[in-house]
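Residue numbers in the sequence shown follow the numbering used here, run continuously in steps of one, and reach 385 at the last position. Ideal Cβ positions, reconstructed from N, Cα and C, are used throughout, including at glycine. Written below as structure tokens is the structure these notes are about.
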Amino acid sequence: MDTLQLILLSLVQGLTEFLPVSSSAHLVLLSEFLGEEDQGIIFDVGVHFGTLMAALVYFRSDLKKMIINLGSHKFLSKENNLTTNLIIAVIPILLSGFLLRDFVNLNLRNSEVIAYATIIFGILLYIAQLRKGKENLDSVNYKQALIIGLFQCLALIPGTSRSGITITAGLFLGLSATAASRFSFLLAIPTIGAIALAELIRVSFIDITDNGTELSIALIISFLVAYISIDMFLKLIDRIGFTPFVIYRLLLGGWLLMYWT
């Protein structure tokens, strides 16, 4: 792909990875529009490591506290509750992703599936926010973490949105908008990390050196945009709610049904 396409796709990945609007859907649609249906493994490695680094840097204080607690308290103590919950929540997507990845890529990555998933899960997000939960992250138990993890498996369907469906689950379980979003973004760290590692294993050292510029552009742009996206979202979500994202999803899904299916 040329430099402009690379920049556009990296911007889209960084912007939408943590917003409840589906990054994969936007990448598929933009790729089709640009006539670049396969971005290549180097691009995937770059943007996934970029967005992973954004989450690691943004939540560095939380992660530092979790690591310290692991070393100073028993694993199943209340001090390690968040760490344990994240481990429980990530297991379902690791298993389902391994088992269903090829099926999804062959059968579900099309405009019609994206359109319906965008609309259906947008409506579900709207219904979930009506609960107006007040619970914080400390209130999440193992069962609730597993439920959020099972919901995350639906993100394998293009158009669902990984952050959107996990936030939806958190809202249904009574978490506040901020708490549900923070849990979703923290859960993204092991999830995206596993994806990035699986992709990196498929890349040779020669591939990396030969495509170093493409890798660097994808990583840097997605990192910067994703970091800003996380920061702005968490600062504004209690004020604006999820309705703007729901409206966007409904408009996007409707447009896809009319013009792309």
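Mark residue i as exposed unless 16 or more other C-beta atoms lie within 10 angstroms of its C-beta, in which case mark it buried.
{"i": "R363", "result": "exposed"}
{"i": "M177", "result": "buried"}
{"i": "P144", "result": "buried"}
{"i": "T175", "result": "buried"}
{"i": "I192", "result": "exposed"}
{"i": "T127", "result": "exposed"}
Do the CB positions of residue i and residue j come within less than 8 angstroms of each other?
{"i": "L139", "j": "I313", "result": "no"}
{"i": "R373", "j": "G246", "result": "yes"}
{"i": "A303", "j": "L261", "result": "yes"}
{"i": "Y351", "j": "Y182", "result": "yes"}
{"i": "Y250", "j": "F366", "result": "yes"}
{"i": "H172", "j": "E338", "result": "no"}
{"i": "L310", "j": "L218", "result": "no"}
{"i": "L376", "j": "T242", "result": "yes"}
{"i": "V214", "j": "T292", "result": "no"}
{"i": "F307", "j": "R255", "result": "no"}
{"i": "I361", "j": "A301", "result": "yes"}
{"i": "A342", "j": "L130", "result": "yes"}
{"i": "I238", "j": "L380", "result": "yes"}
Who are residue i's beta bridge partners in DSSP?
{"i": "E259", "result": "L299"}
Between residue i and residue j, which are expected to be in contact by the criterion C-beta below 8 angstroms, what is the C-beta distance as a whole number of angstroms?
{"i": "L396", "j": "L153", "result": "The displayed coordinates of the chain run from 125 to 385. Any statement about residue 396 would go beyond what the structure contains."}
{"i": "G257", "j": "G298", "result": "4 angstroms"}
{"i": "A149", "j": "I212", "result": "Between I212 and A149 the Cβ distance is about 27 angstroms, and since that is not below 8 angstroms, they are no contact."}
{"i": "M125", "j": "Q163", "result": "7 angstroms"}
Does the count of Cβ pairs from the segment 218-229 and the segment 273-284 closer than 8 angstroms reach three?
-> yes
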